[in-house]
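Asker: Number 241 in UniProt numbering belongs to position 241 of the sequence shown; there are no gaps in the numbering.
First the structure, then my questions, so here it is.
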Amino acid sequence: MEQVNPVLVPERKLSDGMVIPGIGMGTFGNDRYSSGEVSDAVYGAIKAGYRLFDCAAAYGNEKEIGQVFQKAFADGIVQREDLTIMTKVWNDRHGEGDVLVACAQSLRDLKLSYLDIYMVHWPFPNYHAPGAHLEGRNPDAVPFSLEEYLTTWRQMERLVDLGLVKSIGMSNMTITKLEQVLPLCRIRPTVLEVEISPTFQQPKLFEYCKEQGIQLIAFSPMGSPCRPARDTEEGDVVTFELPALKEIAAAHHCHPATICVKWAVQRGQIPIPFSIYEKEYVENLKCVTEDFLTDEEMERLRKADQNARLIKGKVFLWEEAEDWRDIWDGEDAWNIL
Numbered sequence: 001m002e003q004v005n006p007v008l009v010p011e012r013k014l015s016d017g018m019v020i021p022g023i024g025m026g027t028f029g030n031d032r033y034s035s036g037e038v039s040d041a042v043y044g045a046i047k048a049g050y051r052l053f054d055c056a057a058a059y060g061n062e063k064e065i066g067q068v069f070q071k072a073f074a075d076g077i078v079q080r081e082d083l084t085i086m087t088k089v090w091n092d093r094h095g096e097g098d099v100l101v102a103c104a105q106s107l108r109d110l111k112l113s114y115l116d117i118y119m120v121h122w123p124f125p126n127y128h129a130p131g132a133h134l135e136g137r138n139p140d141a142v143p144f145s146l147e148e149y150l151t152t153w154r155q156m157e158r159l160v161d162l163g164l165v166k167s168i169g170m171s172n173m174t175i176t177k178l179e180q181v182l183p184l185c186r187i188r189p190t191v192l193e194v195e196i197s198p199t200f201q202q203p204k205l206f207e208y209c210k211e212q213g214i215q216l217i218a219f220s221p222m223g224s225p226c227r228p229a230r231d232t233e234e235g236d237v238v239t240f241e242l243p244a245l246k247e248i249a250a251a252h253h254c255h256p257a258t259i260c261v262k263w264a265v266q267r268g269q270i271p272i273p274f275s276i277y278e279k280e281y282v283e284n285l286k287c288v289t290e291d292f293l294t295d296e297e298m299e300r301l302r303k304a305d306q307n308a309r310l311i312k313g314k315v316f317l318w319e320e321a322e323d324w325r326d327i328w329d330g331e332d333a334w335n336i337l
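Here it is in structure tokens:
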């Protein structure tokens, strides 16, 4: 296996002083791959040089990934402090007292004594089972509630107090929601995980988070070509077909996916691409240590933004919502510069 020296990988310093890698590996693959396939890829990624891993209870594979972490420690590949391990509380654990239970379960499954970063996966308690299909809206789904979210966030802050979690973060938030929540946080989020790719750059959210000292983590950094069918719509943008992306990839003699990863790291968000294939996940890491994009190429990609959200979250819609844009507070209409 080709290996990348982790020292060569760009780093990001969070607002609380924690320094983490500028690229990581995602672990959402339970819609296509077995937990064993995902965990095998995590083990291979550790050997390849990855030091940041993005997990979630909802992905259904934390037990298998925890076994892989223990194996990597036992094999002497890494020590616990070498890794930045992130995971998330799922929507059905937002109630009073539930967040601590959820965190404890993730710690048991991942076989860890602490988490580096723990995030609120979605900003509401709207539950759906893994692999859910769009067969009517969940009658129990509700819109965002500041009071409900703060109940969850106070418990997240308590996890830091208890030493179970080093940093806490949010996911799938909008500027509208952040403006309500941030002034009320005793411990502010250090990270925000959202969809960002060359065809969905979210520039206003990007700038807002920079101003607030929040590090953006980018899921679906390649435009999620293998996303669940429930998130597809006729006319969706195909990121790899973006002309500027294809032409820059040709100039660098690589796949457009590689340019997506380079662009993300050079722009400043932390991409968390996922693949079970060794060649792909090694290339995703290696490409950010060499053959950098020029300022002109970065500017060309900035101008190529299509403002095209692909992970729409339609399974979380409440009955009164008009469509998936309500989940994002209608911001897709103006989240451009």
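Don't be surprised by glycine CBs; every beta carbon is placed ideally from N, CA and C.
Near N126, which residues of its chain fall below 6 Å by C-beta distance, leaving aside the five closest residues on each side in sequence?
Answerer: Around N126, the same chain offers N91, A141, F316 as residues with beta carbons nearer than 6 Å, after the five sequence neighbours per side are excluded.
Asker: Which parts of the stretch 206 to 262 are runs of the alpha helix (DSSP H), unbroken and 4 residues or longer, counting only runs that do not cross its ends?
Answerer: 243 to 252
Asker: If you count every other CB in all the chains shown that lies within 10 Å of the CB of I46, and 16 or more means buried, which is it?
Answerer: buried
Asker: Can you tell which of A48, L14, G60, Y43 has its C-alpha closest to the C-alpha of A74?
Answerer: Y43
Asker: Whose C-alpha, out of W328, I336, Q3, is nearest the C-alpha of T176?
Answerer: W328
Asker: Select from Q105, C254, P271, E179 the residue whose C-alpha is nearest the C-alpha of Q201.
Answerer: For the options Q105, C254, P271, E179, the alpha carbon positioned closest to that of Q201 is the one of P271.
Asker: From this set, L164, Y118, Q266, G95, which residue's C-alpha is nearest S145's C-alpha?
Answerer: G95
Asker: Determine contact between the stretch 293 to 301 and the stretch 178 to 188, defined as no fewer than three beta-carbon pairs at a distance below 8 Å.
Answerer: no
Asker: Anyone know if the C-beta pair for Y50 and T87 falls short of 9 Å?
Answerer: no
Asker: For the candidate residues A264, K246, W263, whose alpha-carbon lies nearest to that of P256?
Answerer: K246
Asker: Going by the CB atoms, is the gap between P139 and F124 shorter than 9 Å?
Answerer: no
Asker: Buried or exposed: W153, going by 16 or more other Cβ atoms within 10 Å of its Cβ?
Answerer: It counts as buried.
Asker: I'd like the ranges of any beta strand (DSSP E) spanning at least 3 consecutive residues and lying wholly in the stretch 41 to 101.
Answerer: 52 to 54, 84 to 89
Asker: Whose C-alpha, out of W318, M170, F206, is nearest the C-alpha of L192?
Answerer: Cα-wise, what sits closest to L192 is M170.
Asker: May I have the straight-line CA-CA distance separating K286 from V9, to the nearest angstrom?
Answerer: If you take the alpha carbons of K286 and V9, they lie about 8 Å apart.
Asker: Does D161 pass the burial test, meaning 16 or more other C-beta atoms within 10 Å, or should it be called exposed?
Answerer: exposed
Asker: I'd like to know whether the C-beta atoms of I196 and S167 end up nearer to each other than 9 Å.
Answerer: no
Asker: Please report how far the alpha carbon of A41 lies from the alpha carbon of G163, in whole angstroms.
Answerer: 29 Å
Asker: Using a 10 Å radius around the Cβ and a threshold of 16 neighbouring Cβ atoms, would you call D54 buried or exposed?
Answerer: buried
Asker: Please state whether the Cβ-Cβ distance between D231 and I311 is less than 9 Å.
Answerer: A distance below 9 Å separates the beta carbons of D231 and I311.
Asker: Do M1 and V282 have their beta-carbon atoms positioned less than 9 Å apart in this structure?
Answerer: yes
Asker: For the beta strand (DSSP E) containing K13, list its first residue and its last residue.
Answerer: 11 to 13
Asker: As a quick exercise: from V120, E322, N307, M222, pick the residue whose alpha carbon is nearest that of M173.
Answerer: V120
Asker: Alpha helix (DSSP H) containing K279: first to last residue?
Answerer: Annotation for K279: the continuous alpha helix (DSSP H) segment containing it runs 278 to 286.
Asker: So, with DSSP's three-state summary, where would you put L115?
Answerer: Strand at L115.
Asker: Helix, strand or coil: how does DSSP classify G169 here?
Answerer: G169 falls in the strand class under three-state DSSP.
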